[in-house]
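Working notes for the structure below.
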Amino acid sequence: GIWKNRFVAKILEDEEVLFSGTDRGVRLSGKAPYVEYDVSVINGEGTKANETAGSKYKDFIGKMAIAPFKGGPLAGLKINAYGQDGAYGQDLPRSRIIGGLSYESKRFNLMGTSYSANDKKTAVLAKAKGQGFSVHGVVNFSDVCWGFARFDQWDPDDNKDEDARSRIYLGAGYKLADGVRLGLDYIALKQQTESSASKDERALATHVEVKF
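Numbering (the numbering used here), first residue to last: 3 to 214.
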């Protein structure tokens, strides 16, 4: 919600598939004077496949946002935390810890996030620890025009050398009408080491969002 430009690019945790964007489960969320919270128990398989005998394990997720200031210039500041404890199967952990700071105002949004993931997808693979971060900002020049920038860095497996990658997003958006937005942007994917399966990419793109 702070990035506000999903029609241009998904956020890092979606790009790197740290967890499914949708899932089946039970969720409880609410707000207190200085805290927003969200806890859930989900299948962990997404909504495209049903659970099988080998994937019956549930994921437990807790999210919290603390807003320590209710007035003044820091009223839009939040401390954000996310924890997930799940499994691909028996003795195959799938855990994530995400945390950072965000700031929202009418003029601009800023956010910095740190990511840590522990995975063991099969019994024959070593446990992989992923680390990364993302920083992004959005500046509203007017009610219909804005600019945005983002930098992501992700290393998916500390057992492998030179498999890290980074992404850069630079662009501007324009609201054509209610429910219609246009984005013009530059996107770059940089591999720590290029291979036949992992290439550097650069693109100029236009994106259109239509809501009705």
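Think of the CB as a built atom: it goes at the ideal place given N, C-alpha and C, for glycine as much as any other residue.
Contact the stretch 173-183 vs the stretch 198-211: 3+ CB pairs below 8 angstroms: Flag = yes, the stretch 173-183 and the stretch 198-211 touch.
Once DSSP output is grouped into helix, strand and coil, what is the label at ASP202? Coil at ASP202, not helix or strand.
Determine the closest residue to VAL43 out of ASP61, LYS65, ASP87 and TYR176, with distance taken between C-alpha atoms. Looking at ASP61, LYS65, ASP87 and TYR176, the one whose alpha-carbon comes closest to that of VAL43 is ASP61.
Contained alpha helix (DSSP H) runs [length at least 4] in the stretch 70-130, N- to C-terminal order: Listed in chain order, there is nothing to give.
Nearest to ALA130 by CA position, among ARG98, GLY149, TYR105 and GLY102, is which residue? Out of ARG98, GLY149, TYR105 and GLY102, ARG98 has the C-alpha closest to the C-alpha of ALA130.
In angstroms with no decimal places, state the Cα-to-Cα distance between TRP156 and GLY134. Their backbone Cα atoms lie some 4 angstroms apart in a straight line.
Run the CB neighbour count on LEU20, radius 10 Å, all protein chains shown included, and call it buried at 16 or more, exposed below. With 16 or more other Cβ atoms within 10 Å, it is buried.
Chain-order list of residues whose beta-carbon lies under 6 angstroms from that of ARG169 (same chain, five-residue window excluded): Exclusion of the five residues before and after ARG169 leaves ASP154 and LEU191 as the residues of its chain whose Cβ lies within less than 6 angstroms of its Cβ.
Curious, which full-length alpha helix (DSSP H) runs of at least 4 residues does the stretch 28-59 contain? Residue ranges of uninterrupted alpha helix (DSSP H) with 4 or more members are absent from the stretch 28-59; none lies entirely inside it.
Through-space distance from PRO70 to THR198, alpha-carbon basis: This sequence places Ser at residue 198; Thr is not what is there. C-alpha of SER198 to C-alpha of PRO70: approximately 48 angstroms in a straight line.
Residue environment, GLN86, which counts as buried when at least 16 other CB atoms sit within 10 Å: Classification for GLN86: buried.
Checking the sheet assignment: what are the DSSP bridge partners for VAL210? In the DSSP assignment, the residues bridged to VAL210 are LEU184.
Can you tell which of ALA83, ASP25, LEU94 and LYS177 has the C-alpha that lies nearest to the C-alpha of SER118? Ranking ALA83, ASP25, LEU94 and LYS177 by Cα distance to SER118 puts ALA83 first.
Helix, strand or coil at ASP154 [DSSP, three-state]: ASP154: strand per DSSP, three-state reduction.
Pop quiz: LYS177 and ASN142 are said to be a contact at Cβ under 8 angstroms. What is the actual Cβ separation, rounded to whole angstroms? Beta-carbon to beta-carbon, LYS177 and ASN142 are separated by about 10 angstroms, too far to satisfy the 8 angstroms threshold.
How many whole angstroms separate the CB atoms of TYR90 and ARG96, which I take to be in contact at a CB cut-off of 8 angstroms? Beta-carbon to beta-carbon, TYR90 and ARG96 are separated by about 5 angstroms, close enough to satisfy the 8 angstroms threshold.
By the three-class DSSP mapping on this structure, what secondary structure does LEU20 have? Secondary structure at LEU20: coil, using DSSP grouped into helix, strand and coil.
When THR49, ALA174, ARG29 and ILE13 are compared against ASP40, the one with the closest alpha-carbon: Check the Cα spacing between ASP40 and each of THR49, ALA174, ARG29 and ILE13: the tightest is with ARG29.
Rounded to the nearest angstrom, what separates ASP165 and GLY173 at their Cα positions? Going by C-alpha positions, ASP165 is about 27 angstroms away from GLY173.
If we count the other Cβ atoms within 10 Å of its Cβ and call it buried at 16 or more, is LEU103 buried or exposed? The residue in question, LEU103, is exposed, as its Cβ has fewer than 16 Cβ neighbours within 10 Å.
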